[in-house]
Amino acid sequence: MSSEERREEVGSEEEIEKGGVSAELVKGGILRIKWVTGKTSAARLFGKYGREGRPDFFRLLFGAIGGSLRSQFPEDKANELFNTIRNSQSFKDSLDEVFDSMKRWFFDEIVPKYKLERGDVFVISTTLELNINTGELKWDKEGTQVIYWVRSDRVAEKCREMGITTGAGGEELNRLRKERDELANRVRELETRVSELTNENNRLRTENEELRRKLESIKQVLG
0 MSSEERREEV GSEEEIEKGG VSAELVKGGI LRIKWVTGKT SAARLFGKYG REGRPDFFRL
60 LFGAIGGSLR SQFPEDKANE LFNTIRNSQS FKDSLDEVFD SMKRWFFDEI VPKYKLERGD
120 VFVISTTLEL NINTGELKWD KEGTQVIYWV RSDRVAEKCR EMGITTGAGG EELNRLRKER
180 DELANRVREL ETRVSELTNE NNRLRTENEE LRRKLESIKQ VLG
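Residues in the sequence shown are numbered from 0 upward in steps of one, following numbering that gives the first Met the number 0.
Put into structure tokens, the structure is as follows:
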């Protein structure tokens, strides 16, 4: 794959390539998860060509949920919540519905819209909401984006469809590349800043937990 036909900045270059997850706990016990699948194909993500003959969708999503819980709770609590949620009937039912909905959306809407072919590589960036009290999982279809890569033998065709000149001039194509690189640099800067703030927040949370434990110990001694 040598050219990217469509790109929306959904994260850093590494996150787009390899996948990533971020999460926040909002009112009502809802864990809002931003999930980037990383480079994949329809056969791997939705079909029997994933690991062990099972769609990679489930393995990747379970990893995203586990990572999201660990980002919001101490590890022991996160593991306990994950096991409880995973075994709940509400989670199992809603997980199947999310999988079926995303699969239908991809093949019924995305494939025809962008004329994707067998073996084409893409990334899906989406948002999910997990009720940590009931286990119910919901998918935000409207907030879902797709990035896909075009094979070298189809670049000229795709550029013609977009009205982009690929000849000696190629001014529009060069302008788009420059704009892409500038946006990517800015996104990387913001990602670095967010990472720094997240690390500081985690440090303060750990320090606070330690102080609370010491306080409880002193209270017990004093009676």
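We treat Cβ as the ideally placed atom computed from N, Cα and C, and that holds for glycine.
In the DSSP assignment, R69 falls outside any beta strand (DSSP E) and within the unbroken alpha helix (DSSP H) covering 55-71. In the structure shown, the three-state DSSP call for K137 is strand.
Between the beta-carbon of L30 and that of L94 there is about 14 Å, and that puts the pair past the 8 Å contact cut.
Residues of the same chain with a CB within less than 6 Å of the CB of E215, apart from the 5 flanking positions on each side, do not exist. DSSP, read as helix, strand or coil, puts T36 in coil. Between V122 and T36, the C-beta spacing is below 8 Å.
Within its own chain, the residues whose Cβ lies closer than 7 Å to the Cβ of S70, once the five positions on either side in sequence are excluded, are A22, listed in chain order. One alpha carbon belongs to E199, the other to D107, and they sit about 44 Å apart. Per DSSP, T197 has no beta bridge partner at all. Inside the segment 74-124, DSSP marks no whole beta strand (DSSP E) run of 3 or more residues. Close CB contacts of K17 within its chain, under the 8 Å cut and outside five residues either way in sequence, are with G37, K38 (chain order). Each of I64, D55, T83 was checked against the Cα of V20, and the nearest Cα belongs to I64. Residue burial is scored here from C-beta neighbours: I15 has at least 16 other C-beta atoms within 10 angstroms and is therefore classed as buried.
In the DSSP assignment, R43 falls within the alpha helix (DSSP H) that extends over 41-45. Annotation: the continuous beta strand (DSSP E) that includes G19 extends over 19-25. Less than 8 Å divides the Cβ of Y147 from the Cβ of L115. Distances from the alpha-carbon of F72 to those of L189, S40, T205 put T205 closest. For T125, the number of other beta carbons within 10 angstroms of its own is at least 16, and it is reported as buried.
Counting only the Cα atoms, R202 lies some 22 Å from L80. For W34, the closest C-alpha among the options G49, F61, A41, E51 is that of F61.
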